[in-house]
Amino acid sequence: PIFPTLAIMACDFLAIPISAAAFKEGTDFENIHYCSGLDVDVKQAVICTKSWLENSEY
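Using the UniProt record's numbering, you'd call the opening residue of the sequence shown number 1 and step up by one each time.
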């Protein structure tokens, strides 16, 4: 991104709220870049959401 700090803030503040239960514990997101059926924006959203959930205090 051209503005990496802004991109991180956007992921934190503008992300679509989802339930942590939507992600099974131990789900492998390392290979999400190889999922040809997903749009690039969807892949980035999933990675952002996973990161947000891992770092949340809930």
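Using N, Cα and C, we set each Cβ at its ideal position, and we do this for glycine too.
Residue i - containing alpha helix (DSSP H), residue span
i: Phe3; result: No alpha helix (DSSP H) contains Phe3, which DSSP labels as neither H nor E.
Own chain residues within Cβ distance below 8 angstroms of residue i, not counting five before or after
i: Ile8; result: none
i: Phe3; result: none
i: Val42; result: none
Residues of its chain near residue i, where Cβ-Cβ distance is below 7 angstroms and the 5 sequence neighbours each way are ignored
i: Asp12; result: Trp52
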